[in-house]
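29 is the number of the first residue of the sequence shown in my numbering; add one for each residue after it.
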Amino acid sequence: MIDPIADNDADVLVLLEHYRSRDRGEALSAYRLNVDAGSRVRVATAPIKGKATFAADTSGRVLSVSVLDNEGRHHLYWRRDEASDWSELQAPAGLRVEVERILPDGSVLYAQTQTSGPAQSCLVRRAGGTLLGGAVLGCTRGSLNVVYSFDRREPIALRVYENERARLQYLESAHPDRAILQMLERDLAKDSALYLDYTRDGAKAMVKVMSDRDAGTYYLFDRARNQVQHLLSSRDKIDPAAMSPRRSLKLPAAAASDTAYLTLPIANNKPGASKPPLIVKLKGLYGATAGWTWNADTQALASRGYAVLDIDNYDSEARRNQTQQTPQPDPAIGLAGTLIDNLEWLRKQGQIDGDRICIHGEAYGAYLALTAATQKPSLFRCIVDEGGIVDIESWRKDSFLSETAYGRSLIALYMSGIGSTLSSPVDAVAKLTAPLLLIHGRLDATVPFGQAKQLMKALDRHDIAYEKYIEDNEAHGFYQQAHRTQRYERLLAFFDRHLGRAAAKAP
Numbered sequence: 029m030i031d032p033i034a035d036n037d038a039d040v041l042v043l044l045e046h047y048r049s050r051d052r053g054e055a056l057s058a059y060r061l062n063v064d065a066g067s068r069v070r071v072a073t074a075p076i077k078g079k080a081t082f083a084a085d086t087s088g089r090v091l092s093v094s095v096l097d098n099e100g101r102h103h104l105y106w107r108r109d110e111a112s113d114w115s116e117l118q119a120p121a122g123l124r125v126e127v128e129r130i131l132p133d134g135s136v137l138y139a140q141t142q143t144s145g146p147a148q149s150c151l152v153r154r155a156g157g158t159l160l161g162g163a164v165l166g167c168t169r170g171s172l173n174v175v176y177s178f179d180r181r182e183p184i185a186l187r188v189y190e191n192e193r194a195r196l197q198y199l200e201s202a203h204p205d206r207a208i209l210q211m212l213e214r215d216l217a218k219d220s221a222l223y224l225d226y227t228r229d230g231a232k233a234m235v236k237v238m239s240d241r242d243a244g245t246y247y248l249f250d251r252a253r254n255q256v257q258h259l260l261s262s263r264d265k266i267d268p269a270a271m272s273p274r275r276s277l278k279l280p281a282a283a284a285s286d287t288a289y290l291t292l293p294i295a296n297n298k299p300g301a302s303k304p305p306l307i308v309k310l311k312g313l314y315g316a317t318a319g320w321t322w323n324a325d326t327q328a329l330a331s332r333g334y335a336v337l338d339i340d341n342y343d344s345e346a347r348r349n350q351t352q353q354t355p356q357p358d359p360a361i362g363l364a365g366t367l368i369d370n371l372e373w374l375r376k377q378g379q380i381d382g383d384r385i386c387i388h389g390e391a392y393g394a395y396l397a398l399t400a401a402t403q404k405p406s407l408f409r410c411i412v413d414e415g416g417i418v419d420i421e422s423w424r425k426d427s428f429l430s431e432t433a434y435g436r437s438l439i440a441l442y443m444s445g446i447g448s449t450l451s452s453p454v455d456a457v458a459k460l461t462a463p464l465l466l467i468h469g470r471l472d473a474t475v476p477f478g479q480a481k482q483l484m485k486a487l488d489r490h491d492i493a494y495e496k497y498i499e500d501n502e503a504h505g506f507y508q509q510a511h512r513t514q515r516y517e518r519l520l521a522f523f524d525r526h527l528g529r530a531a532a533k534a535p
């Protein structure tokens, strides 16, 4: 859904995309859908192909569209009314500009994000159809997340991450909902992040409170009565007080916008506690990031006495340079070197046992983990490859993402710059010295099982022992509860053998 249309109870705006439409050269369109009859009428079509984001005013007129084209370039278009042609608005150099919302008075909220240097986004209010002038309402590191009044007509705050937790950064506003949000944050989310979803009439709000130790608690707020009612808690069998806090960690060798989160076992808050071993967790396909809020894997590992380093946007510098047209060295080579430098720095900070480190990568994160482990084998006690890419060229050919123009554009967008200078950790497995656990779903179409087979074949060729957990009826990620349980059991047993107390005395 694009927009619920504040001034229309019968219709909503939706985006429809037919399978392989971009292969047929079709641009995306917005439709007005009648929620009672199910009928729809096309009201806007993007002027070019690519991933389109439409914006409408409160009456439902689609006046703006931003498009990420197949070459990774951003375009912003505006029109005076639905009968007018689209005109492209040229963003100033170094900025990406998108429409955040069209307000009832006709003014427009623009999200302006720096495309080079430290990542910063600003919310700017100005007239529609121009990128000149206007008032800057607020700025934050990373992408914008705007919190609105209960009627969705006025921006009240930006959600920002600061001092190791999320908070609301309030904008200058005389709207009465500003005081209500401040009250809800003070009473319900002193050390947590506050998320809200309003009823259509703005009379009630679903309030979600979550933090690094709380997976999510839900309340219903009645605006007229000024009352809060507890509804439910996610994972209500888990006591937030028993969870380990996560804190942001600025790594010295990371790009200016990159952040990592270090979770230390709660027992380490006690005087005289021994330094915990470290598990480095790397996500990675298409910009997957770690965050400050509660994470099941991280808390499961911390509960067993492990410190966990989750890296956020570890490949952002490579993605910022991805528009280069000439072949570049495989980004993983430099990224792995940066990771190793950061781990060497962390070892000296006195918070972890620097002689006991394992690395756990998923998807492209596994590619990076294996690359790092072949660059400096002595740094790691063990390696986990979960649903991992091990050879870029064969992955590009075999992944279902290559079946569509959109999928191919994603591959080019996030894995570009490597051109003819591809490398593969498969070719360097002979350098591996740490035990390896391979986890993969045989039905995986995103990172096909053939990637795991390539790795196992290379390991067998060099007589390198490894463990594996291959699940026949899972794909990219395990979803059946029995398989999720077994995954945890295999992971924890593997880490316990190579990092736990039994391994503490290993040379």
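Note that CB positions come from ideal geometry on N, CA and C, so glycine has one too.
Legend entry - DSSP bridge partner residues for residue 183 (one or two, in chain order): In DSSP, residue 183 forms a bridge with 176.
Inset, instruction - Alpha carbon to alpha carbon, how far is residue 148 from residue 171? Give it in angstroms, no decimals. - result: Approximately 7 Å, taken between the alpha carbons.
Legend entry - Spatial distance of residue 61 from residue 83 (CA atoms): Inter-residue distance for residue 61 and residue 83 is about 15 Å (C-alpha atoms, whole angstroms).
Inset, instruction - Could you check what DSSP says for residue 106 in three-state terms: helix, strand or coil? - result: DSSP places residue 106 in strand when its eight states are reduced to three.
Inset, instruction - Have a look at the DSSP bridge pairing and note the partners of residue 258. - result: Partner(s): 247.
Legend entry - residue 229, DSSP secondary structure in three states: In the three-state scheme derived from DSSP, where H, G and I count as helix and E and B as strand, residue 229 is classed as coil.
Legend entry - Residues near residue 295 in its chain [Cβ-Cβ closer than 8 Å; skip 5 each side]: Counting only residues of its own chain and dropping the five nearest sequence neighbours on each side, residue 295 has a CB closer than 8 Å to the CB of 301, 333.
Inset, instruction - For the segment 363-378 and the segment 321-328, state whether three or more C-beta atom pairs, one from each stretch, are separated by less than 8 Å. - result: Judged by pairs of C-beta atoms under 8 Å, the segment 363-378 does not touch the segment 321-328, as fewer than three such pairs exist.
Inset, instruction - Quickly, what does DSSP pair residue 142 with across the bridge? List them, please. - result: In the DSSP assignment, the residues bridged to residue 142 are 123.
Legend entry - Backbone secondary structure at residue 379 - three-state DSSP: Looking at residue 379 - three-state DSSP - the assignment turns out to be coil, as it is neither helix nor strand.
Legend entry - Check whether residue 232 and residue 248 have beta carbons under 8 Å apart: With a cutoff of 8 Å on beta-carbon distance, residue 232 and residue 248 are scored as near each other.
Legend entry - Opening and closing residue of the alpha helix (DSSP H) in which residue 422 lies: Per DSSP, residue 422 belongs to the alpha helix (DSSP H) from 420-426.
Inset, instruction - Return the bridge partner residues of residue 555 from the DSSP annotation. - result: With the chain covering 29 to 535 only, the question about residue 555 has no answer from this structure.
Inset, instruction - Mind checking which residues open and close the beta strand (DSSP E) that includes residue 470? - result: Following the DSSP letters along the chain, one finds residue 470 in no beta strand (DSSP E), marked with neither H nor E.
Inset, instruction - Identify the continuous beta strand (DSSP E) that holds residue 149 and give its terminal residues. - result: Unbroken beta strand (DSSP E) run through residue 149: 148-154.
Inset, instruction - Report the three-state DSSP secondary structure of residue 528 (helix, strand or coil). - result: In the three-state reduction of the DSSP assignment, residue 528 falls in the coil class, being assigned neither a helical nor a strand state.
Inset, instruction - Pull up the DSSP beta-bridge partners for residue 82, would you. - result: Residue 82 pairs with 93.
Inset, instruction - Check each candidate in 166, 95, 178 and name the one with the smallest Cα separation from residue 229. - result: That would be 178, whose Cα lies nearest to the Cα of residue 229.
Legend entry - Beta-carbon spacing of residue 312, residue 431 below 8 Å: The answer is no: Cβ separation not under 8 Å.
Inset, instruction - Starting from residue 163, follow the beta strand (DSSP E) in both directions and report where the run begins and ends. - result: 163-169 is the span of the beta strand (DSSP E), which, as asked, contains residue 163.
Legend entry - Between the CA atoms of residue 384 and residue 271 - distance to the nearest angstrom: One C-alpha to the other measures close to 22 Å.
Legend entry - residue 339 in three-state terms, based on DSSP: Under the three-state reduction of DSSP output, residue 339 falls in the strand class.
Inset, instruction - Please work out which residues of its chain come closer than 6 Å, Cβ to Cβ, to residue 348, disregarding the five sequence neighbours upstream and downstream, and give them in chain order. - result: Per-residue confidence for residue 348 stands at a pLDDT of 46, beneath the threshold of 50, marking its modelled position as unreliable; the derived number appears in the next sentence. Excluding sequence neighbours, residue 348 sits near nothing in its chain.
Inset, instruction - Note down the Cα distance separating residue 160 from residue 154, rounded to an integer number of angstroms. - result: Roughly 8 Å separates the two Cα atoms.
Legend entry - Simplified DSSP state of residue 263, which is helix, strand or coil: DSSP places residue 263 outside both helix and strand once states are collapsed to three, so it counts as coil.
Inset, instruction - Might you give, ordered along the chain, the residues of its own chain that have their beta carbon closer than 6 Å to the beta carbon of residue 114, omitting 5 neighbours on each side? - result: 75, 105, 107, listed in sequence order.
Legend entry - Cβ-Cβ separation, residue 470 to residue 499 (assumed contact under 8 Å), whole Å: In this structure residue 499 touches residue 470 by the C-beta definition: roughly 7 Å separates them, less than 8 Å.
Inset, instruction - Measure the CB-CB distance between residue 266 and residue 243 and report whether it falls below 8 Å. - result: Taking a C-beta distance under 8 Å as the contact criterion, residue 266 and residue 243 qualify as a contact pair.
Legend entry - Beta-carbon proximity of residue 162 to residue 186, cut-off 8 Å: Taking 8 Å as the Cβ cut-off, residue 162 and residue 186 do not qualify as a contacting pair.
Legend entry - the segment 371-381 contacting the segment 456-466, beta-carbon criterion three pairs below 8 Å: Too few Cβ pairs lie closer than 8 Å, so no.
Legend entry - Endpoints, the beta strand (DSSP E) within which residue 325 is located: Where residue 325 is concerned, there is no enclosing beta strand (DSSP E), although the alpha helix (DSSP H) it sits in stretches over 324-331.
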